[in-house]
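> First to last, the protein sequences are chains A and B. Position 193, counted from 1, in the first sequence is what my numbering calls 193; the numbers after and before it change by one each time, with no gaps. Just add 1000 to the spot in the second sequence (first one is 1) and you have my numbering. From the three backbone atoms N, C-alpha and C, an ideal C-beta is built for every residue, glycine too. Let me give you the structure first, and then I'll get to my questions.
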Amino acid sequence: MSRTIDIRPVTRIEGHAAIDIRLDDRGRVDRTRLHITSLRGFEKFLEGRQAEEAPRIVSRICGICPWMHHAASVKAVDGCFGVQPPEAGNRLRELMVTLAHINDKILHFFFLAAPDFMPGDGDGPAERSIIGLAKAFPELGRRVGRVRRTGRLMVERFVGRDIHPVAMIPGGFAKPMSPAERDLLLEGARKQLEFALWAMDWAEENIFPGMMDRMSPLGGLESGFLALVRPHDGALALYDGELRLMRPDGSFIQFAAEDYRDHLAEHVEPWSYARFPYARNWGSGLSLDPDQPGGVYRVNTLARINAADLIDTPLAQGWLDDFRARFGRPAQNEALFHRARLIELIHAAERAVEMLSDPAITGKDVSRPARPGAGRGVGCVEAPRGTLIHDYTTDDNGLITRAEIMVGTTHNLAPMNISVALAARRALDGRKPDAEALNLIETALRAYDP
Amino acid sequence: MTLSLSVECLNGCSGCEVALLDLMDELLDPAAGLRLVHLPLLMDHRHRDPLEPDTEPVPPLADIGLISGGLRTTEHLATARLMRKRCRIIIALGTCATHGGIPALANLWPKSELLDRCLAVDDSPDGGVRVEPDEDALPALLSRTYALDEALEVDYLLAGCPPHAEAVAEVVRAAAGGRATADAGRSVCDTCPTRRGTGRRPARLERGVGFPADQAELPLSELTCLLEQGRLCLGPVTSAGCARPVGTQSGPGVPGCIQARVGCRGCHGPLRPGGNQLLDLLNALASGGLDMDSLIDRPGVLRFSGAHNRLRTRSAAGDDREE
């Protein structure tokens, strides 16, 4: 008797999605789909807006990663208006993106992902949450609470707002950092680094062993990877760089972000409100067939760890060496997104401490005048969820005439669909569907932090 | 007495839910009297058991339902109605729920034009034809983006983008006690430390998001009001609330955007629930003798409060019919 299982909504993810799984009359998985179930239309309603207002509008694409949209957008507007920030302004922008990565990764790992891997049987949905995690590990609960408060306080003391920031402006940054602000933030960043190192040790002991056991049988996708890297040495880059598009065999090409359309294309399906990016030049178009994927690449932490030749902060580099010795390059197992996320957390915290320790961070010349006018600009950053691109065109009045936005997560829509299909087969074929099996399928999806 | 809280995010960005996480200490402490029973961002409850799809939807019963995000699809509407049935009190959480928020900018276009733009690609092998959404697979878009109280009875409105956790806790406790919240009727200007009444009356607004760069090192109290310097600020037409109370957590008690040295753009919604931020602004500017044509993007002034028919389509084709 064929049936459809509808998981709606998918829980413990940042966005809004549903999974439907169709079983044939022998109970075998016949088709799975991951639906993005709403459409706000940012690309349309940016048309006609003054471009300098865009960075404060598009932050509302995401309340967990608003700094990323804010940053990519302001870079695009700089391109339209033909302005480059002074060094001190760029430095502050990079710092805020780095700090936002720290807060985001802590949120994802502990609040959204880790509850799937609690030791013991747990008590089902009621306890499979940060609340259950904090009850099982009270010290963890206290540490996470403290570091989240620190992270928020740092940002709000400096620039007034963390959720839906406003401090990046066309031409630079809205205000310099004072020595007192720097002292506060440096102290905070040191605490974040201490937490990041503790978190990795805690995860190694309490999460990763069970995680690998649980998730490894669910996978099998071999994909390419996309990420920003620093041009001169291929280092992991969160804020700026060139795009490196890697094939499953590890070979890659590298190109300027503004040339993204030469390498990435988009496909549309009637069952998703979000479009599907895929690799334009791999000869096969896009195939979502789990047995024969085509044109599929992934973004997000695992992609950045695979794409980068090195990490330029020492403690994170040490963990990268360990990662590569154990899992190779490129590593394909999606369970490793979580480990890669904690490596990046260490890197972001090291980088924040490094930037705040440099006296140049309090430089006063943080912006240049930005005159509205006609142009085109492409702004690209690595959001926690993946490569984020804002591409705007403006008219003579500096009003936006066209906006293209490739949101980080959407690059992962094709691979997520395939991973969900593979997990569903593994969890459901030849078994009576139960809650545990459905949780396994969602667990596979959550690795992507969608 | 323990209050049970149920939380849903509809057409929103999850920012209100992230702000709620500041209440995590209270939510984890049994003595604080708050119990979270439903929040899909953090907990695995669904409305319908995937394995028993024909049974009645059963999110938990709760004293207080917090709903963020506006209404864009038939599914959002169904979820909101479900929450209304299962929660004793409904609080519209955040400016999307109270006034439409940023996503209500989409109301400038009929939904067919949103779909034309977002479900078509013009430079891929797929050929640039707009794909029609499959109604069996995706919830249909409503004809525009609605605020929550346009579709159901809402007991409390808490604007903010996002509201502070302190404000959420206050409205939750007021709701539990059956009290009205203090309707302050204050504007952002009432919480702004800049100098007003300088007597400057600029003739035009100039483009720019914030204070002139050469004022960046002045303390806030020595800055002259942005509007009096001829730059756009929606402080006078926006409800106060973004300034975190002095002494709580991080706030120095000033509007967040002013602290960052940029102008207010109205994210806390109009001064009064039925207010119109654009009309109020035009009045304020006109009475100051300012040239109206220098306000270039008028719909943009309603970027946070475009529901309730404030922002309408300009396309000749007109609206699609509502289901």
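1) Rounded to the nearest angstrom, what separates B/Glu1008 and A/Ala17 at their Cα positions?
2) Terminal residues of the continuous alpha helix (DSSP H) containing A/Leu409?
3) Please tell me whether B/Arg1321 has its Cβ less than 9 Å away from any Cβ of chain A.
4) Quick one: which residues of the region 1012-1028 of chain B get their C-beta closer than 9 Å to a C-beta of chain A? List them in chain order.
5) Indicate whether at least one CB of chain B lies closer than 9 Å to the CB of A/Gly141.
6) How is the beta strand (DSSP E) around B/Val1171 delimited, first residue to last?
7) Which of helix, strand or coil does DSSP assign to A/Phe276?
8) Can you pull the DSSP bridge partners for B/Leu1337?
9) In the structure shown, what three-state DSSP assignment does A/Phe137 receive?
10) Mapping DSSP to helix, strand and coil, what is B/Gly1241?
11) Assign A/Ser357 to one of two classes, buried (16 or more other C-beta atoms within 10 Å of its C-beta) or exposed (fewer than that).
12) At a CB distance below 8 Å, what residues from the region 1066-1099 of chain B approach chain A? Give them in sequence order.
13) Should B/Lys1111 and B/Leu1158 be called a contact, given that it needs their Cβ atoms to be closer than 9 Å?
14) Under 9 Å Cβ-Cβ, which residues of chain B neighbour A/Thr409?
15) Tell me, please, which residues DSSP counts as bridged to A/Met246.
16) Compute the Euclidean distance between the alpha carbons of A/Met168 and B/Pro1053, then round it to the nearest angstrom.
17) Is DSSP giving B/Val1188 helix, strand or coil here?
18) With DSSP run on the structure shown, which of helix, strand or coil describes A/Thr4?
19) Looking at the secondary structure, which residues open and close the alpha helix (DSSP H) in which B/Leu1148 lies?
20) Just verifying my parser: in three-state terms, what is the DSSP assignment at B/Ile1064?
21) Could you check which residue in B/Asp1134, B/Thr1198, B/Ala1260 and B/Gly1101 has the C-alpha nearest to that of B/Gln1277?
22) Looking only at C-alpha atoms, which of B/Ile1067, B/Gly1241, B/Leu1028 and B/Cys1242 sits nearest to B/Ile1091?
23) Grab the span of the beta strand (DSSP E) containing A/Asp20 for me, first residue to last.
24) For A/Thr394, report the span of its alpha helix (DSSP H) as first-last.
25) Would you mind giving the Cβ-Cβ distance between A/Ile64 and A/Leu133, rounded to the nearest angstrom? I have them listed as a contact below 8 Å.
26) Whole angstroms is fine: what's the gap from A/Asp429's alpha carbon to A/Ser287's?
27) Can you list, in chain order, the residues of its chain with a C-beta nearer than 8 Å to that of A/His232? Leave out the 5 residues immediately preceding and following it.
28) Taking 9 Å as the CB-CB cut-off, is A/Tyr273 touching chain B?
29) Using a C-beta cutoff of 9 Å, does B/Cys1161 count as contacting chain A?
30) Which same chain residues end up closer than 6 Å to A/Met68 when comparing Cβ atoms and leaving out the 5 residues on each side of it in sequence?
31) Under the three-state reduction of DSSP, which class applies to A/Ala203: helix, strand or coil?
32) Just to confirm my understanding: we take B/His1268, look at its own chain, exclude 5 residues before and 5 after, and list those with CB closer than 6 Å. What are they?
33) Please list, in chain order, all residues of the same chain as A/Thr4 whose beta carbon is under 6 Å from its beta carbon, the five residues on each side excluded.
34) Counting contacts by CB-CB distance shorter than 9 Å, is B/Ala1316 in contact with chain A?
35) Grab me the residues of B/Glu1322's own chain with a C-beta within less than 8 Å of its C-beta, minus the 5 sequence neighbours each way, in chain order.
36) How about B/Arg1201 and B/Gly1263: do their beta carbons lie closer than 9 Å?
Working from what's here:
1) Each residue's Cα considered, the two are about 14 Å apart.
2) Reading the sequence as shown, one finds Thr at residue 409 of chain A and not Leu. Note, A/Thr409: alpha helix (DSSP H), Gly408 to His411.
3) Any reading at B/Arg1321 must be qualified, since the residue scores a pLDDT of 39, below 50, and its modelled position is unreliable; no value is offered.
4) Of all residues in the region 1012-1028 of chain B, those with a C-beta nearer than 9 Å to a C-beta of chain A are Gly1012, Cys1013, Ser1014, Gly1015, Cys1016, Glu1017, Val1018, Ala1019, Leu1021, Asp1022, Met1024, Asp1025, Leu1027 and Leu1028, reading in chain order.
5) Chain B has a Cβ within less than 9 Å of the Cβ of A/Gly141.
6) Here B/Val1171 belongs to no beta strand (DSSP E); instead the alpha helix (DSSP H) covers Ala1165 to Ala1176.
7) Correct three-state label for A/Phe276: strand.
8) Here chain B comprises residues numbered 1001 to 1323, so residue 1337 of chain B is not present and cannot be evaluated.
9) Assignment of A/Phe137 by DSSP, reduced to helix, strand and coil, places it in the coil class.
10) B/Gly1241 falls in the coil class under three-state DSSP.
11) Answer is exposed; the Cβ neighbour count stays below 16.
12) Of all residues in the region 1066-1099 of chain B, Arg1072, Thr1073, Glu1075 and His1076 have a Cβ within less than 8 Å of some Cβ in chain A.
13) In terms of Cβ geometry, B/Lys1111 and B/Leu1158 do not form a close pair [threshold 9 Å].
14) Within chain B, not a single residue places a beta-carbon under 9 Å from that of A/Thr409; the smallest gap is close to 13 Å.
15) For A/Met246, which the question treats as bridged, DSSP gives the partners A/Phe225 and A/Phe252.
16) Rounded to whole angstroms, the separation of the alpha carbons of B/Pro1053 and A/Met168 is 47 Å.
17) Of the three classes helix, strand and coil, the one that applies to B/Val1188 here is helix, per DSSP.
18) Of the three classes helix, strand and coil, the one that applies to A/Thr4 here is strand, per DSSP.
19) Following the DSSP letters along the chain, one finds B/Leu1148 in no alpha helix (DSSP H), marked with neither H nor E.
20) B/Ile1064: strand per DSSP, three-state reduction.
21) That would be B/Gly1101, whose Cα lies nearest to the Cα of B/Gln1277.
22) Comparing Cα positions, the closest option is B/Ile1067.
23) Looking at the DSSP string, the run of the beta strand (DSSP E) that includes A/Asp20 is Ala17 to Leu23.
24) Per DSSP, A/Thr394 belongs to no alpha helix (DSSP H); it is in the beta strand (DSSP E), Gly386 to Thr394.
25) Incorrect: roughly 18 Å between the Cβ atoms, too far for contact.
26) Looking at the two C-alpha atoms, the distance is approximately 22 Å.
27) Counting only Cβ-Cβ distances below 8 Å, and skipping sequence neighbours, we find nothing.
28) Yes, its Cβ sits closer than 9 Å to a Cβ of chain B.
29) At a cut-off of 9 Å, the C-beta of B/Cys1161 has a neighbouring C-beta in chain A.
30) Contacts found: Val381, Ala383 and Leu388.
31) A/Ala203: helix per DSSP, three-state reduction.
32) Same-chain partners within the cutoff: Ala1159, Gly1160, Thr1238, Ser1239, Gly1241 and Cys1242.
33) Answer for A/Thr4: Asp20 and Arg22, listed in chain order.
34) Reliability fails at B/Ala1316, whose pLDDT of 43 lies under 50, so the model's placement of it is uncertain and the value that follows must be treated cautiously. Interface residue (Cβ-Cβ distance to chain A less than 9 Å): B/Ala1316 is not classified as such.
35) Bear in mind that the predicted position of B/Glu1322 carries a pLDDT of just 41, short of 50, making it too unreliable to give a figure here.
36) Taking 9 Å as the Cβ cut-off, B/Arg1201 and B/Gly1263 do not qualify as a contacting pair.
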